[in-house]
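Same order as they appear, the protein sequences are chains A and W.
The first sequence stops at residue 308 when you use my numbering, and every number in between is there.
The second sequence stops at residue 160 when you use my numbering, and every number in between is there.
Note that the Cβ used here is the ideal one computed from N, Cα and C, for glycine as well.
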Amino acid sequence: MNLLTALARLLIFPGLLFAVPAAWFFLWVERKSVALMQERVGPPFMQPFWDFVKLLGKSTPPRPGIAGLLMRAWPLIAVSAAAGAVGLLPVLPSSGGFEGDLILLLALLELPSICIIAAGFSSRSIFGEIGSAREAALSVSYNIVFLLAIVSIAASQHTFRLEALASAPFTPLHWLGVLAILVCLPAKLHINPFSLPNAEQEIYSGPMTEYAGPELAMWELSHGLEWVAGTGLVATLVAPHIAIPWGGAWLAACIFVAISFGVVLLLSALAAATARLAIDSSVRFYWQCTLIFAVLAVSSAIFMRFRS
Amino acid sequence: MNILIMLWKNLRRGYQTLLFPAHPRVTPRFRGLVQFDPALCTGCAVCRFRCTSRAIEFKAGKGEFTWSYNPGQCTFCGRCVEGCAEHALKEGHTEHALSQQEAVPPVYTTQGELKKSYTVARRPPAAKMATTATARSAGGDARTTAGLEAGATPATGGAQ
């Protein structure tokens, strides 16, 4: 992947130019679909965009005793990491990439979560600290399954290159891994039943309690970009690669958006259908119930490696 | 599985909430601001004892009493209305910001700005009973007039 391709992927498609409107769109789809499933009107189409603009226009009140630079840095790092993760997704056929980009993607996907934990503790708010502690406990729980699922798919294909994984033939292990990723996504995106870190009506908004104005806008954007990256990862793993000489890129982009949209709807239905679990139940769920996915995926990967 | 069926039914039924300019209908059971009728009040202060949020204050004076109501503190539980034997209190149906029937909801910037006080002259027991009997037989307007004639003086306060 040369510099020009890398910049085009990071800044245009599937990077910032596509990812930012897609983030607002997915946030709207999630809020609207949950609202409709709960017999509410839900927000207008442009609401997430106007929320962002409105927050940008507000000033942050003085927060004595809080490290201002750190508080400002965390949301910016989270946005950069989430945007970078979206830019790494191999949406278009033969769009480049490099060996090991999967590891970079996993690191970038995890960075917003680490930033949220750090932001909560930096804010020195009791609600922020509780939210951060919950996020840390949840992150340790779901990441075991999430990472093992992805690594086992990669190990079975003998590559850590995203493009090779995306174009790999579908195997039962592949589907098992995708299922495990889907199980982890609600926790990664802080939606019900794993909306513990920013539990509304319980600990205000957790690590975001002390945030306002442009910094909160950046957190909202980072959350939207996490939606694009998380659902996009599933989309790239399950999207069929159709070789068409003309218009193949457009078709691939449309398939990517359609599958991501479907995953957003699926997660929204889950969010609407469930209530928030307590932290011990959430941790138990990931350690006791879903670890079986990861164990199955890893054992299948080891079996496939020995067979080949 | 039931929850998924419920979600599907909700999706098909459409939304039940309203967009901002639309006003929801006020149901007959809606509990708005407490309306006080000084003509009927005997100054028993049961409402003050029943008020858990201390929105109602009662000060007994010589030959008169002052009854105050602070909507900013009221939780609209309806216990005062329920306990008023003389029916001097009633629940307003449209007199509340949440009923969205008013063009401008009450806005206050300082604590107790919406508080409204009435100073009512105490009546002798016989006259009180006679007034109550008359008030019960007459309409709402007649009751208010009788109350004001009997010495009720609404003091200044915020708009209810």
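Applying the 10 Å Cβ sphere with the 16-neighbour rule, what's the burial state of Ser299 of chain A?
Position 299 of the first sequence, counted from the start, is the residue given in the question as residue 299 of chain A. Ser299 of chain A is exposed by the Cβ-count criterion.
Compile a chain-ordered list of the residues in the region 11-23 of chain W whose CB is closer than 8 Å to at least one CB of chain A.
The region 11-23 of chain W vs chain A, Cβ under 8 Å: Leu11, Arg13, Gly14, Tyr15, Gln16, Thr17, Leu18, Leu19.
Please list the terminal residues of the continuous beta strand (DSSP E) segment that includes Phe20 of chain W.
Residue numbering aside, residue 20 of chain W sits at position 20 when the second sequence is read from its first letter. Note, Phe20 of chain W: premise wrong, no beta strand (DSSP E); not H, not E.
Note down, in chain order, every chain A residue with its Cβ under 8 Å from the Cβ of Leu4 of chain W.
On the second sequence, position 4 is the one that residue 4 of chain W refers to. Within chain A, the residues near Leu4 of chain W are Ala269, Ala273.
At which residue ranges does the region 29-100 of chain W contain complete alpha helix (DSSP H) runs of 4 or more residues, listed in the order of the chain?
Residue ranges of uninterrupted alpha helix (DSSP H) with 4 or more members, entirely inside the region 29-100 of chain W and ordered along the chain, are 46-50, 79-83.
How about Pro7 of chain W: is its C-beta nearer than 8 Å to some C-beta of chain A?
Residue mapping note: residue 7 of chain W aligns to position 7 of the second sequence, counting from 1. Inspection of the sequence shows that residue 7 of chain W is occupied by Leu rather than by Pro. The C-beta of Leu7 of chain W comes closer than 8 Å to at least one C-beta of chain A.
Closest Cβ-Cβ distance between Arg25 of chain W and chain A: below 8 Å?
For the purposes of this step, residue 25 of chain W is taken as residue 25 along the second sequence, with counting starting at 1. By this cut-off, Arg25 of chain W is not an interface position.
When you compare each of A:Thr274, A:Val178, A:Ser132, A:Leu162 to Pro370 of chain A by their alpha carbons, which one comes out closest?
Any answer about residue 370 of chain A is impossible in this case: the structure gives chain A only from 1 up to 308.
Note down, in chain order, all residues in the region 35-56 of chain A with a beta-carbon under 8 Å from any beta-carbon belonging to chain W.
Answer in chain order: Ala35, Leu36, Met37, Gln38, Glu39, Arg40, Val41, Gly42.
Own chain, CB closer than 7 Å to Ser125 of chain A, minus 5 neighbours either side, in chain order:
Residue numbering aside, residue 125 of chain A sits at position 125 when the first sequence is read from its first letter. Around Ser125 of chain A: Thr209, Glu210.
CB of Val86 of chain A within 8 Å of CB of Ala187 of chain A, strictly
Taking the first sequence and counting its residues from 1, the one referred to as residue 86 of chain A is at position 86. Taking the first sequence and counting its residues from 1, the one referred to as residue 187 of chain A is at position 187. No, the Cβ-Cβ distance between Val86 of chain A and Ala187 of chain A is not below 8 Å.
Ends of the alpha helix (DSSP H) at Lys32 of chain A?
As a working note, residue 32 of chain A is residue 32 in the first sequence. Lys32 of chain A -> alpha helix (DSSP H) spans 16-37.
Whole-angstrom C-beta distance between Ala212 of chain A and Thr60 of chain A, which should lie under 8 Å:
For the purposes of this step, residue 60 of chain A is taken as the residue at position 60 of the first sequence. For the purposes of this step, residue 212 of chain A is taken as the residue at position 212 of the first sequence. Approximately 5 Å separates the beta-carbon atoms of Thr60 of chain A and Ala212 of chain A; this is inside 8 Å, confirming the contact.
Output yes or no for whether 8 Å exceeds the beta carbon distance between Gln73 of chain W and Ala55 of chain W.
The count along the second sequence starts at 1 and reaches residue 73 of chain W at position 73. The count along the second sequence starts at 1 and reaches residue 55 of chain W at position 55. Yes; because the gap between Cβ atoms is below 8 Å, this pair is in contact.
Determine the direct distance from the alpha carbon of Lys90 of chain W to that of Pro75 of chain A, and round the result to whole angstroms.
Numbered from 1 along the first sequence, position 75 holds the residue referred to as residue 75 of chain A. Numbered from 1 along the second sequence, position 90 holds the residue referred to as residue 90 of chain W. Going from the Cα of Pro75 of chain A to the Cα of Lys90 of chain W covers about 53 Å.
Can you tell me whether Asp280 of chain A is buried or exposed? The criterion is at least 16 other CB atoms within 10 Å of its CB, across all chains shown.
Numbered from 1 along the first sequence, position 280 holds the residue referred to as residue 280 of chain A. Classification for Asp280 of chain A: exposed.
If we count the other Cβ atoms within 10 Å of its Cβ and call it buried at 16 or more, is His23 of chain W buried or exposed?
Working through the second sequence from its first residue, we reach residue 23 of chain W at position 23. The residue in question, His23 of chain W, is exposed, as its Cβ has fewer than 16 Cβ neighbours within 10 Å.
Using CA coordinates, which residue listed in W:Val46, W:Gly63, W:Ala88 is at the minimum distance from Pro124 of chain W?
Residue numbering aside, residue 124 of chain W sits at position 124 when the second sequence is read from its first letter. Taking the Cα of Pro124 of chain W as reference, the smallest distance to any Cα among W:Val46, W:Gly63, W:Ala88 is reached at W:Gly63.
Examine the Cβ distances between the region 5-12 of chain A and the region 93-104 of chain A and report whether three or more of them are shorter than 8 Å.
Enough Cβ pairs lie closer than 8 Å, so yes.
Cβ contact (3+ pairs, closer than 8 Å) linking the region 43-59 of chain W and the region 5-13 of chain W:
Contact between the region 43-59 of chain W and the region 5-13 of chain W is absent, with fewer than three C-beta pairs closer than 8 Å.
Exposed or buried, Arg134 of chain A, counting other C-beta atoms within 10 Å across all chains shown (16 or more means buried)?
Against the first sequence, residue 134 of chain A aligns to sequence position 134. Arg134 of chain A is buried by the Cβ-count criterion.
Look at the alpha carbon of Ala271 of chain A and the alpha carbon of Cys41 of chain W, and state the distance between them as a whole number of angstroms.
As a first step, residue 271 of chain A is located in the first sequence; it is residue number 271 there, counting from the start. As a first step, residue 41 of chain W is located in the second sequence; it is residue number 41 there, counting from the start. Roughly 53 Å between the two C-alpha positions.
Which same chain residues end up closer than 8 Å to Glu30 of chain A when comparing Cβ atoms and leaving out the 5 residues on each side of it in sequence?
In the first sequence, residue 30 of chain A corresponds to position 30, counting from 1. Hits under 8 Å: Ile191, Trp227, Val264, Leu267, Ser268, Ala271.
Using the rule of at least 16 other Cβ atoms within 10 Å of the residue's Cβ for burial, across every protein chain shown, is Gln157 of chain A buried or exposed?
If you number the first sequence from 1, residue 157 of chain A lands on position 157. Under this definition Gln157 of chain A is a buried residue.
Just to confirm, is the Cβ distance from Leu233 of chain A to Ala19 of chain A under 8 Å?
By 1-based counting over the first sequence, the position of residue 233 of chain A is 233. By 1-based counting over the first sequence, the position of residue 19 of chain A is 19. In terms of Cβ geometry, Leu233 of chain A and Ala19 of chain A do not form a close pair [threshold 8 Å].
Helix, strand or coil at Val164 of chain W [DSSP, three-state]:
Since the displayed chain W opens at 1 and closes at 160, residue 164 of chain W lies outside it and no answer follows.
Roughly how many angstroms lie between the CA atoms of Ala22 of chain A and Arg305 of chain A, to the nearest whole one?
Here residue 22 of chain A is taken as the residue at index 22 of the first sequence, counted from 1. Here residue 305 of chain A is taken as the residue at index 305 of the first sequence, counted from 1. Using only the alpha carbons, I get a separation of about 38 Å.
Using only the alpha-carbon positions, how far apart do Pro90 of chain A and Glu220 of chain A sit?
Taking the first residue of the first sequence as 1, we reach residue 90 of chain A at position 90. Taking the first residue of the first sequence as 1, we reach residue 220 of chain A at position 220. In this structure, the alpha-carbon of Pro90 of chain A lies about 25 Å from that of Glu220 of chain A.
Distance check for Arg122 of chain W and Thr66 of chain W, CA to CA, integer angstroms please.
Position 66 of the second sequence, counting from 1, holds the residue named residue 66 of chain W. Position 122 of the second sequence, counting from 1, holds the residue named residue 122 of chain W. Their backbone Cα atoms lie some 10 Å apart in a straight line.
Specify whether the region 193-207 of chain A and the region 161-176 of chain A touch according to this definition: at least 3 beta carbon pairs, one from each stretch, less than 8 Å apart.
In short, these stretches do not touch, since the Cβ pair count stays below three.
If you measure between the beta carbons of Val283 of chain A and Ile259 of chain A, is that distance less than 8 Å?
The count along the first sequence starts at 1 and reaches residue 283 of chain A at position 283. The count along the first sequence starts at 1 and reaches residue 259 of chain A at position 259. Taking 8 Å as the cut-off, the Cβ atoms of Val283 of chain A and Ile259 of chain A do not count as close.
Where are the alpha helix (DSSP H) runs, 4 residues long or more, that stay fully inside the region 60-112 of chain A, in chain order?
You should have 68-88.
Judging by CA-CA distance, which residue of A:Ala278, A:Thr5, A:Pro214, A:Leu92 is the nearest neighbour of Asp51 of chain A?
For the purposes of this step, residue 51 of chain A is identified with residue 51 of the first sequence, where counting begins at 1. Relative to the Cα of Asp51 of chain A, the nearest Cα in the group A:Ala278, A:Thr5, A:Pro214, A:Leu92 belongs to A:Pro214.
Alpha carbons only, please: which of A:Leu4, A:His223, A:Phe13, A:Thr5 is nearest the one belonging to Ala252 of chain A?
Translated into the one-based positions of the first sequence, residue 252 of chain A becomes position 252. Closest option to Ala252 of chain A, Cα to Cα, is A:Phe13.
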